[in-house]
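The sequence shown begins at 1 in my numbering and counts up by one.
Quick reminder that beta carbons are idealized off the backbone N, C-alpha and C, glycines included.
Right, one structure below, let's go through it.
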Amino acid sequence: MTARDTALVDAVGTLHRPADAEPRIVSLVPSLTELVCELGLAARLVGRTGFCIHPKETLRHIPKVGGTKDVKIDRVRALAPTHVIVNIDENRREDVEAIAAFVPHVIVTHPLAPEDNVALYALLGGIFGCGREAARLTQRFRAARERLARATAGLPREKVLYLIWRAPWMSIGRRTYISAMLEAAGWDSLPDSGEARYPVLELTEPWLAPVQRVLLPGEPYPFRARHARELATLPALAGKPVLRIDGEMTSWYGSRAVAGMDYLARLRLQQDPGLG
1 MTARDTALVD AVGTLHRPAD AEPRIVSLVP SLTELVCELG LAARLVGRTG
51 FCIHPKETLR HIPKVGGTKD VKIDRVRALA PTHVIVNIDE NRREDVEAIA
101 AFVPHVIVTH PLAPEDNVAL YALLGGIFGC GREAARLTQR FRAARERLAR
151 ATAGLPREKV LYLIWRAPWM SIGRRTYISA MLEAAGWDSL PDSGEARYPV
201 LELTEPWLAP VQRVLLPGEP YPFRARHARE LATLPALAGK PVLRIDGEMT
251 SWYGSRAVAG MDYLARLRLQ QDPGLG
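Spelled out as structure tokens, the structure:
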């Protein structure tokens, strides 16, 4: 069976082949580091970013190579990886290009919807010889997706504002993984137009009027209860409930998507989340 037969094509169209018996993996994406471990590949992981924190005990002794946006190229080089896993949103293009100059295989990812996780599992499973583990994870994902659909089927859809940053305020566009996860739970994110994937806001925009709920995750900006109270005082958001949530559950693709969909189902079933 050829690599093409198993569809080992990444997000930029690069055709990959099954790895040799002892690959050396560096992951520059927190959620994909978790996925690598979930697929049984922790022993092949030789490097990670400082933001790759799960699973904690497994990663304790794995060398760090900087952050997702400030990768220390020399550290990556010193680890002599055969494969580096990156993401279009998480990592800088110039870092990826520098790494590609000396790493044989750079795997580029870019999931934009929950269902994209299935292809992601298959891609890594096929490259690293853990297809059985990937298939089991796919079954768990599909079961969680069905649970979310059942849990939210009778609930009215809500228009929500999901903030990711402060000073300046930033939100998410519809063409993002987070927005697609929220949509699967019956939450339609605003703004719903424009090309910007992560628009900067003044929080005075007229389109905020139909927002029914504000979602305030704990990452990438570490929003706290005081920020929820601050938002509640703004005229454009007056009277709108502000719900603090676990940002990993909405933004981390990979194996975390399974827990993420169960988490979203529980959130949608809450009656009066209030300010959190």
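- prompt: According to DSSP, is Leu112 helix, strand or coil?
  reply: coil
query: Nearest CA to the CA of Ala149: which residue from Arg60, Val160, Pro114 and Glu133?
result: Out of Arg60, Val160, Pro114 and Glu133, the CA that lies nearest to the CA of Ala149 is found in Pro114.
message: Taking the beta carbon of Ala43 as the centre, do at least 16 other beta carbons fall within 10 Å, making it buried, or is it exposed?
response: Ala43 comes out exposed.
- request: Please list, in chain order, all residues of the same chain as Gly281 whose beta carbon is under 7 angstroms from its beta carbon, the five residues on each side excluded.
  value: There is simply no residue 281 to check, as the chain begins at 1 and stops at 276 in what is shown.
- prompt: For Leu216 versus Arg244, is the C-beta spacing smaller than 7 angstroms?
  reply: Less than 7 angstroms divides the Cβ of Leu216 from the Cβ of Arg244.
- prompt: Alpha carbon to alpha carbon, how far is Pro191 from Asn91?
  reply: 25 angstroms
query: Can the beta-carbon of Ile62 be found less than 7 angstroms from the beta-carbon of Arg77?
result: no
- prompt: beta strand (DSSP E) containing Pro217: first to last residue?
  reply: Arg213 to Pro217
field: Candidates Ala135, His16, Pro81 and Val29: closest to Gly40 by CA position
entry: Ala135
field: From Asp89, Val86, Asp246 and Val65, residue whose alpha carbon lies closest to that of Leu79
entry: Val65
- prompt: Measuring CA to CA, which of Arg60, Ala180, Ser31 and Arg75 is closest to Tyr121?
  reply: Ser31
- prompt: On the three-state DSSP scale, how would you describe Lys159?
  reply: strand
query: For the alpha helix (DSSP H) that contains Asp262, what are its first and last residues?
result: Arg256 to Leu269
message: Does the structure place the region 116-130 close enough to the region 234-248 that three or more beta carbon pairs sit under 8 angstroms?
response: no
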